[in-house]
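Participant: Take this structure, written in structure tokens, and hold onto it; I'll ask about it next.
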Amino acid sequence: MGMNKSRWCRATLLLLLSLALRGAAFLQERKNYIVHLRPREATDGSVDGWHRSFLQQAAAGLDSTADEGPQIIYSYSDVFTGFAARLTDEEAEALRATDGCVRLYPEVFLPLATTRSPGFLGLHLGNEGFWSRSGFGRGVVIGILDTGILPSHPSFGDDGLQPPPKGWKGTCEFKSIAGGGCNNKIIGARAFGSAAVNSTAPPVDDAGHGTHTASTAAGNFVENANIRGNADGTASGMAPHAHLSIYKVCTRSRCSIMDIIAGLDAAVKDGVDVLSFSIGAYSGTQFNYDPIAIAAFKATERGIFVSCAAGNAGPEPGTVGNGAPWMLTVAAGTMDRAIRTNVKLGNGEEFHGESLFQPRNNSAADPVPLVYPGADGFDASRDCSVLRGAEVAGKVVLCESRGLSDRVEAGQTVAAYGGVGMIVMNKEAEGYTTFADAHVLPASHVSYESGSKILAYLNSTANGTASIDFKGTIIGSYPSPAVTFFSSRGPSKASPGILKPDITGPGMNILAAWAPSDSHTEFSDGGADLSFFVESGTSMSTPHLSGVAALLKSLHPDWSPAAIKSAMMTTSDAVDRTGLPIKDEQYRHATFYALGAGYVNPALAFDPGLVYDLRADDYIPYLCGLGLGDDGVTEIAHRPVACGGLRAVTEAELNYPSLIVNLLAQPIAVNRTVTNVGKASSVYTAVVDMPKDVSVTVQPPTLRFTALDEKQSFTVTVRWAGQPNVAGAEGNLKWVSDDYIVRSPLVIPAKGE
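Numbering (this note's numbering), first residue to last: 2 to 754.
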């Protein structure tokens, strides 16, 4: 009996184990994917039904008892051929093998690319100015893909705005939001996926980022905007009378690629004119493997201008993202405003810095001991992430920068251990880029050069002291503008023969509307009373360019996205406010791989004289020339493409407003075509500004126009005048008339770039 019982127990255990294993197989973990399909030949039947047929094929033959089966999350219809779904590993493999399936993209999360700027860019109120003539962007709809919006903010009031344009198809998910909702400013608002938390959550901003970017692009006029007395003035976006449509595709810290494509799909359906995308990107990914580039192509084909952040991975070369030529890729630069601090050492030396926190009761106003935790003998870290109270109590602490973030957290640590002040000093790669942060104690962020001198002083004395004084908002800081250290650099890895980034805009210490959030710990009261805040990043520069694009679209509704891009690029500034070449974060001459064509100048962009235009179809021969093959180009174009039936062109031959020529021993000739959008009767002469070891000829050297919209072509031939220079070369090709200067960067990459 005992033996039979033992056998029965073993058999029962094996049965239970077998059932458990089978149950585990039935309940495989489901993961999110974007499923990319080939364009369908027949268009009968619903898109959703077509998508579901793929899931049915994939599930056929698999165990049907596995939970509720594969689930579609989004059916994309306008910007992407495919859908998003929750799949088991088995279902994903079966779907990959299904005829018509191109590939599956596992869900990835992309980071957010995180008053004075209109005036700095030459936009002033007045009856005769370009800003007024554009109607401040009247009638144009800007779609913002971000963390949502705070609809009750005064920047989103609709004074002076017209109703939504005819044909607008957007929807508003704000239902009974206290103090705000949709109006003639915010004409659409939706939340997607994880950003929506649940299906009924409205697209309210709980991070601040989306509110900031939306108001930068198109915030209405708000007088007396400031941050506790700093950066005071009238705040507005670039296009204050444009409409906004909000697509919440991000949570506080990340953005699902599935939600991003769903937001892009909805924006195109709704009928936006401009898309603003302050989100990180796939850097270096081949375009047919980049869902954002694919979706943006379809938006561009529909006539929608797409403005994207270059990314915050600088200053290393080859870090630029969002690099497809049908997108505007925006770098970040400084302005001439500083929220000034002054550090004074015991030896009398003084150094300028910045801080948004400018306290009346300043515990570091008088000289106090200065200490550096990174010095020998200290049991602490140089960036102040680890401190000991006895080392810093009652002292000003010198902390090394932590890069793009955590400077405020360093001050919180210093304050927690009794420090009375903090000096943040840049690392060498960060150069002269300094942030105006909302610190929790008297603090100053100084450049690498200043920090090195402060450190040298500390090493020269055993009793170093320092004080920090606050000077408030200063206009006219020099040099300005300059490129920030964090702004991502070219060349583009996906297409190195196209200059990226395209252009630079204000992206440093930008004042704009803010949604108070418990994720911001800078203020002891949570900043609940703050309506505006200062942020930095290519996230901030991008909506500046989106707003400028809206102004141009309002003035020139028939211009293509490429024409608008060309107008901004060819009129941009390559020199700063003193007439010297724009500098980078080291105060060296900024290369075009850092700056793009230049720093945006809206007042010139509205009347550029000539434009380099492109239709969506013009990108197809370029894509064939990239070697993507028929399948790769088809995936981007959303329609069958046979490259063998086309004349493929090189990157240099795409009719782009900038030129990259990979010059070796033999001369290279490239063609361009310009369209006259200036004065009907006009004559332009080619002027080339290149180093002496480069020879450039332009044929014909003169362009004569007799009508608007007339097109003329020319050939640029580039050769070395002597021995090839392995360091490469940069310069400009200008078409100059009595009324216009149309400038295009001309870059010969260094060998190996």
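In this text, a Cβ means the ideal position worked out from N, Cα and C, and glycines have one as well. If you're wondering where the values come from, they're calculated on a predicted model, not measured in any experiment.
#1: Count the C-beta pairs between the stretch 287-303 and the stretch 155-162 that are closer than 8 Å, then say yes if the count reaches three, no if not.
#2: Tell me, which residues are paired with Phe471 by DSSP?
#3: What's the C-alpha gap between Thr539 and His210?
#4: With the cut-off set at 8 Å, would you say Glu536 and Tyr458 are in Cβ contact?
#5: Start and end of the alpha helix (DSSP H) containing Trp169?
#6: Can the beta-carbon of Pro492 be found less than 8 Å from the beta-carbon of Tyr594?
#7: In the DSSP assignment, find the alpha helix (DSSP H) that holds Leu546 and state where it starts and stops.
#8: What residues in its chain sit with their C-beta under 8 Å from that of Tyr433, if we drop five residues either side in the sequence?
#9: Taking one C-beta from the stretch 500-516 and one from the stretch 466-479 each time, how about it: are there three or more such pairs within less than 8 Å?
#10: For Thr707, which three-state DSSP category applies?
#11: Hey, His37 and Val103 are a contact pair by Cβ (cut 8 Å); roughly how many whole angstroms apart?
#12: Applying the criterion that 16 or more other CB atoms from any shown protein chain within 10 Å of the CB defines a buried residue, is Gly194 buried or exposed?
#13: Hey, how far is the Cα of Pro762 from the Cα of Lys693?
#14: Is Val321 closer than 8 Å to Ser489 when the C-beta atoms are compared?
#15: Check whether the stretch 738-749 touches the stretch 563-579, counting contact only when three or more Cβ pairs, one atom from each stretch, lie closer than 8 Å.
#16: Have a look at Asp90 and Ile258 and give me their C-alpha separation to the nearest angstrom.
#17: With a CB to CB cut of under 7 Å and the five nearest residues on each side skipped, what residues in its chain are close to Pro112?
#18: Suppose you measure from the CA of Leu546 to the CA of Pro609; what does that come to, to the nearest Å?
#19: By DSSP's criteria, Phe306 is part of a beta bridge. Which residues make up the other side?
#20: Cutting at 6 Å between CB atoms, please list the residues of its own chain near Phe358, excluding the five before and the five after it.
#21: Is the distance from the Cβ of Phe84 to the Cβ of Ile73 below 8 Å?
#22: Determine the burial state of Val727: buried for a count of at least 16 other Cβ atoms within 10 Å of its Cβ, exposed for fewer.
#23: Just to confirm before moving on: does the CB-CB distance between Lys270 and Asp79 stay below 8 Å?
#24: Check whether the Cβ atoms of Asn510 and Phe607 sit closer than 8 Å, and answer yes or no.
#25: Label Thr707 either buried or exposed according to how many other C-beta atoms from any shown protein chain fall within 10 Å of its C-beta, with 16 as the threshold for buried.
#26: If we ignore side chains and look at the alpha-carbon of each, how far apart do Arg253 and Val307 end up?
#27: Could you say which of Ser402, Ser555, Val369, Leu664 lies nearest to Val273 if we only look at CA atoms?
#28: Check whether the Cβ atoms of Gly548 and Ala236 sit closer than 8 Å, and answer yes or no.
#29: Per DSSP, what kind of secondary structure is Leu88 in: helix, strand or coil?
#30: Mind reading off the beta-carbon distance from Ala95 to Ile150? Whole number of angstroms is fine, and I expect it under 8 Å.
#31: Going by DSSP in three states, Tyr77 sits in which element: helix, strand or coil?
#32: Which partner residues of Ala333 appear in the DSSP bridge assignment?
#33: Considering Tyr248, what are the terminal residues of the beta strand (DSSP E) in which it resides?
#34: Inspect the CB distances between the stretch 620-636 and the stretch 367-374 and report whether three or more fall short of 8 Å.
#35: What does the alpha-carbon distance come out to for the pair Ala192 and Lys176?
#36: Which residue from Val717, Pro152, Asn185 puts its Cα closest to that of Lys167?
Facilitator: The short version:
#1: no
#2: Thr342
#3: 12 Å
#4: no
#5: No alpha helix (DSSP H) holds Trp169; DSSP gives it neither H nor E.
#6: yes
#7: 539-556
#8: Asn427, Ser448, Tyr449, Glu450, Ala483, Glu586, Gln587, Tyr588
#9: no
#10: coil
#11: 4 Å
#12: buried
#13: Outside the modelled stretch of the chain, which goes from 2 to 754, sits residue 762, for which no answer is possible.
#14: yes
#15: yes
#16: 19 Å
#17: Arg255, Gly281
#18: 16 Å
#19: Val275
#20: Ala439, His440
#21: yes
#22: exposed
#23: yes
#24: no
#25: exposed
#26: 23 Å
#27: Ser555
#28: no
#29: strand
#30: At roughly 41 Å, the Cβ-Cβ gap does not stay under 8 Å, so Ala95 and Ile150 are not in contact.
#31: strand
#32: Gly506
#33: 244-249
#34: no
#35: 13 Å
#36: Asn185
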